[in-house]
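Under our numbering, think of the first position of the sequence shown as 9, with each following residue one higher.
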Amino acid sequence: MTNPIGTAASYQELQWAVLPLCGIHHGCATPGKVPVDLATGRHLSGWQQRGVPTLDEIDAWLSSPLAPRANLGCLTGRVSGVVALDIDGPGGEVLLSRHAQGDLPPTWEYRTGGGRRLIYRYEEGLRSLKLSGDGEHEGLEVLSDGRQMVIPPSHHKTGPDYAWEPGRDPWRFGEVSPCPLWVRELAKPQGKRTTEAWVDLLNTPTGKGGRHPTLVSLAAYLAGYHLDPTVIFALLQAWNEARCQPPKSQTELAQIVGWATKDSTWPTTPSSLESPREVAKRLGCSIEAARQILAQGTVSA
Ligand SMILES: [Zn+2]
């Protein structure tokens, strides 16, 4: 078994802010995942402010009797120059494909206990963010400032060890890839866009690659004013028809509204007993749009 702390220096060369984590037999609620002080064996406070360790610090870690049992973590965000997409469980993969729409450039990637992580280059202001899936260990997260991630070759309490995908580690793959546009849109600081920028955006015809992230930011912006989901849906439809080339499907718009408003009851799954007219009335959309939603099957928030 590789000692994870023994690999810390190779990450330090990448200027990653690595730090020791407790071992998988630590008697805490999440063993193997929490920053730890190797001198005392206790969880560490204030780890969010740590930087890239010096080689002397790493030597001191290695000389601790606790080192062979410890895991290795890395602060994400500005300090290490990377953000991670944390994809957990089948639910995380569903969220990923819904948001990415195929825009997932190959990059550094490793396997975790219950999923995988894709590493992208950090950009100023990208914030950490969690999109929840259906189960407890199901979801998609952007790990950026203020977060840390368990990294290979750390051990997992119940699953396989954390491991780089073949050819996708920083030493063989080459430069880390830039963050895809949809991640930048999702994780950009909120409220940053000025009124003029919104007007510009709304007046700009938008093609493939730009439609989904723009609809997502528009929905999130409107949801910030606590508008009724039905109103947001109607506004998204209008912009989609006017500017998107080609327009996105009604189902996707409905999903985006459900996500942005965090309203788990909206849109409710169209029941096969509902007529297009009833769905149109409930969602405030045209009968043609309701027909499309019904034809495309279930919709979940
Ligand atoms: Zn612990």
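Cβ coordinates follow ideal geometry from the N, Cα and C atoms, glycine included.
Secondary structure of residue i, DSSP reduced to three states
i           : result
residue 140 : strand
residue 232 : coil
residue 50  : strand
residue 189 : helix
residue 109 : coil
residue 296 : helix
residue 5   : Nothing can be reported for residue 5, as the shown portion of the chain is limited to 9 through 309.
residue 44  : strand
residue 237 : helix
residue 2   : Lying outside 9 to 309, the shown extent of the chain, residue 2 is not represented and no answer is given.
residue 178 : helix
residue 197 : coil
Beta bridge counterpart(s) of residue i as assigned by DSSP
i           : result
residue 118 : 125, 172
residue 252 : 214
residue 208 : DSSP lists no partner for residue 208.
residue 150 : 93, 137
residue 156 : 83
residue 12  : According to DSSP, residue 12 bridges with nothing at all.
residue 221 : DSSP output for residue 221 lists no bridge partner at all.
residue 28  : 80
Residue i vs residue j beta-carbon contact at 9 Å
i           : j           : result
residue 41  : residue 79  : yes
residue 77  : residue 31  : yes
residue 6   : residue 193 : Lying before the first or after the last residue shown, residue 6 is absent from the chain, which here runs from 9 to 309.
residue 20  : residue 66  : yes
residue 130 : residue 84  : yes
residue 108 : residue 69  : no
residue 28  : residue 75  : yes
residue 2   : residue 253 : Nothing can be reported for residue 2: it is not among the residues displayed for the chain, which extend from 9 to 309.
residue 153 : residue 134 : yes
residue 136 : residue 148 : no
residue 103 : residue 139 : yes
residue 160 : residue 179 : no
Where residue i falls, given that 16 or more other Cβ within 10 Å makes a residue buried
i           : result
residue 246 : exposed
residue 288 : buried
residue 187 : buried
residue 283 : exposed
Proximity test, residue i beta-carbon vs ligand 3 heavy atom, cut-off 8 Å
i           : result
residue 158 : In terms of ligand content, the structure shown lacks ligand 3 and carries ligand 1 instead.
Suppose only complete runs of 3+ residues qualify. What are the beta strand (DSSP E) ranges in the stretch 53-96, listed by chain order? 79-83, 90-96
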